[in-house]
Amino acid sequence: MSAKEKVLIANGQGFWGDSILGPIRLIREGPIDYLTLDYLAEVTLSIMQKLRARDPKKGYATDFVAMVDRMLPDIMEKNVRIVANAGGVNPRACVDALMEVAKKHGIRGLKIAVVEGDDILGDLDALMKSGEEFKNMDSDVPLAGVRDRVSSANVYLGAFPIAEALDLGAQIVLTGRGTDPGLVLGPLIHEFAWGLKDYDLLAAGTIAGHIVECGAQCTGGNYTDWRKVPDLATVGYPIIEARPDGTFAVTKHEGTGGLVNCETVSHQLVYEMGDPANYLTPDCIADFTSLQMEQAGDNRVEISGIKGMPPTEFFKVSMSYGDGWKSTGQLTISGPDALEKAKLASEIVWKRLAYDGFEYSEDERLVEFVGANVCHDGIAIPNAGEPSEVVLRMGVKGPDRQKVNRFGAELVPLVTSGPPGVTGFAGGRPKATEIIGFWPALMKKDQIKTEVTLFES
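Its first residue numbered 40, the sequence shown is counted upward by one per residue in the numbering used here.
Here's what the structure looks like:
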């Protein structure tokens with residue numbers, strides 16, 4: 040059991056591409072014990088697999104290495120421990136890059152642990168022969184029909200391997216695919232010696248991790264009442280102040296922008312929510328409806344009363360596969376009757392393509408008039424007046440790359456052979472790009488073995 044009465048766990052990245060200022064300011068502007076960083080969306084792993092296929096030294100979140108390079112002396116001086124899923128599909132290559140950073144700063148004794156076992160791409164065929172069908176959770180269709188197009192396959196691992204890595208003394212823990220809340224739950228298991236059957240505590244740590252997993256989205260970012268949020272330019276990223284009994288507070292560093300109240304926290308609580316009474320994770324089932332929430336001061340929300348249940352016997356698997364091709368492009372059309380001209384322009388494109396023998400079904404084509412209520416069609420009430428300009432956005436998709444590519448050649452000609460007012464063409468001629476489909480599935484936990492390895496500079 041940790042001697043600490045509380046542990047401060049911050050999250051500085053909600054996705055690969057989030058502001059690098061999030062983690063930097065969390066380390067510089069106040070005390071924290073742990074910094075967690077979430078880089079992996081479902082499609083990210085497929086991108087990383089392609090990067091690794093081109094270069095065996097790639098396949099991880101390079102932004103993470105850049106952040107560590109900027110902050111490693113501060114990380115070591117303040118003894119902030121880092122937990123990140125930045126390892127992607129090549130965590131050992133990420134370790135190599137971090138060791139070069141440590142060498143650059145003259146730092147010896149940096150301990151980095153790697154959690155492996157989530158990447159099952161190379162084991163798919165053997166697993167399928169053993170009886171795993173990997174049925175799509177949405178359609179109930181077995182994976183066999185798209186097996187030859189699968190580009191990534193990763194299991195959502197739980198938090199206990201992260202705790203094991205921290206038990207070994209790691210300053211930095213690198214994982215591949217795991218649950219987003221597990222980045223926070225792992226340190227809590229390590230600090231407070233929570234066990235496999237401490238379901239209420241595990242559920243509390245899971246909900247704490249869920250609240251902060253999207254970074255500033257619980258401290259005023261993407262908040263409906265955005266006018267009430269002060270100084271979003273310096274928004275403070277979230278911090279969990281956790282205690283051994285499973286209660287915790289959500290807060291941020293003093294003097295930072297943003298807002299932490301019951302409403303901003305609730306906005307994030309319902310993010311990606313299925314059944315709130317049965318939030319499934321590898322470690323437990325968390326009951327979001329059991330939590331009690333109260334404002335406990337400026338920018339401080341206390342959470343208590345969380346209940347949990349035993350987990351299921353399955354892991355969730357995130358797979359990506361090639362699902363055809365797509366091409367999109369846009370034109371800006373201005374002046375009087377902009378919307379009417381944009382509609383005419385779109386009709387011209389389809390007719391010219393059909394003349395050349397290229398036709399697309401309704402499911403294969405897209406037409407949007409940005410500026411004419413396309414973003415919230417049927418919800419927002421458009422202005423009564425006509426817009427003075429409209430962005431015409433068109434696209435096609437389908438299994439035939441040549442057919443998809445042919446579409447892109449018909450947008451630019453509208454500048455001189457369409458209606459007047461076509462004043463802007465963005466991005467060059469659209470080209471076919473691969474569509475990455477998402478395939479969620481389940482598999483038995485006993486088929487997966489995790490491994491934790493410690494490296495030292």
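Glycine included, every Cβ here is placed at the ideal spot set by N, Cα and C.
Classification of residue i by the beta-carbon crowding that lies within 10 angstroms, buried from 16 upward
i      : result
Tyr310 : exposed
Phe17  : This structure does not reach residue 17, given that the chain is present from 40 up to 496, and the question cannot be answered.
Asp219 : buried
Asn338 : buried
Leu493 : exposed
Gln331 : exposed
Arg216 : buried
Glu333 : exposed
Asp158 : buried
Gln52  : buried
Asp314 : exposed
Ser41  : Note that Ser41 scores 48 on pLDDT, short of 50, meaning its location in the model is unreliable; the coordinates nonetheless yield the value given after this. Per the 10 Å Cβ criterion, exposed.
Val454 : exposed
Leu235 : exposed
Lys168 : exposed
Thr303 : buried
Trp265 : exposed
Pro321 : buried
Met312 : exposed
Phe29  : In the structure displayed, the chain extends from 40 to 496; residue 29 sits before or after that span and is not available.
Phe353 : exposed
Arg120 : buried
Gln441 : exposed
Met176 : exposed
Asp57  : buried
Ser456 : exposed
Val340 : buried
Gly244 : buried
Spatial neighbours of residue i in its chain, beta-carbon cut-off 7 Å, leaving aside the 5 residues before and after
i      : result
Glu403 : Val435, Lys436, Gly437
Gly208 : Lys150
Lys267 : Leu298
Val406 : Ser385, Met433
Thr273 : Thr295, Gly296
Ala281 : Lys45, Val46, Ile48, Leu227, Ala247, Phe287
Gly410 : Pro426, Glu428, Val429, Val430
Thr328 : Pro315, Ala316
Assumed close pair residue i, residue j - CB separation to whole angstroms, cut-off 8 Å
i      : j      : result
Asn50  : Asp77  : 7 Å
Pro469 : Ser366 : 4 Å
Ser357 : Asn193 : 5 Å
Ile246 : Ala325 : 6 Å
Ser496 : Ile146 : 7 Å
Trp233 : Leu240 : 5 Å
Thr263 : Pro277 : That belief does not hold up - the Cβ atoms of Thr263 and Pro277 are roughly 18 Å apart, past 8 Å.
Val185 : Val122 : With a Cβ gap of about 33 Å, Val185 and Val122 do not count as contacting.
Ile342 : Val289 : 7 Å
Leu163 : Val189 : 7 Å
Simplified DSSP assignment, three categories, for residue i
i      : result
Gln256 : helix
Phe173 : coil
Ile146 : coil
Gln210 : coil
Trp55  : coil
Phe103 : helix
Thr245 : helix
Leu405 : strand
Ile159 : coil
Lys390 : helix
Gln380 : Before going further, note that residue 380 is Lys rather than Gln in the sequence given. The answer is helix: DSSP assigns Lys380 an H, G or I state.
Val128 : coil
Arg120 : strand
Val180 : coil
Phe494 : strand
Gly434 : strand
Ser190 : strand
Ala141 : helix
Neighbourhood of residue i by C-beta, 6 Å cutoff - its chain only, sequence neighbours within 5 removed
i      : result
Ser373 : Glu428, Gly460, Thr462
Pro181 : Glu172, Lys174
Ala202 : Gly225, Ile228, His229
Lys97  : Leu90, Arg91
Leu383 : Pro458
Met348 : Tyr238, Ile324
Arg391 : Glu449
Residue-level contact to chain B via CB, residue i, 8 Å cutoff
i      : result
Gly434 : The structure shown has no chain B; it contains just one protein chain.
Close-in-space but distant-in-sequence residues of the same chain around residue i (CB under 8 Å, 5 per side omitted)
i      : result
Asp135 : Lys96
Val82  : Ser359, Ile475, Phe477
Taking the runs of the alpha helix (DSSP H) that are 4 residues or longer, which of them lie wholly in the stretch 259–308? 301–308
Which complete alpha helix (DSSP H) runs does the stretch 56–97 hold, if anything under 4 residues is left out?
Runs of the alpha helix (DSSP H) inside the stretch 56–97: 60–67, 83–93.
inquiry  = For a minimum of 3 consecutive residues, which ranges assigned as the beta strand (DSSP E) are wholly contained in the stretch 311–372?
reply    = 324–326, 331–334, 340–343, 346–348
Could you tell me which whole beta strand (DSSP E) segments of length 3 or greater appear in the stretch 441–486?
Taking only runs of at least 3 residues, the beta strand (DSSP E) segments lying wholly in the stretch 441–486 are 461–465, 472–483.
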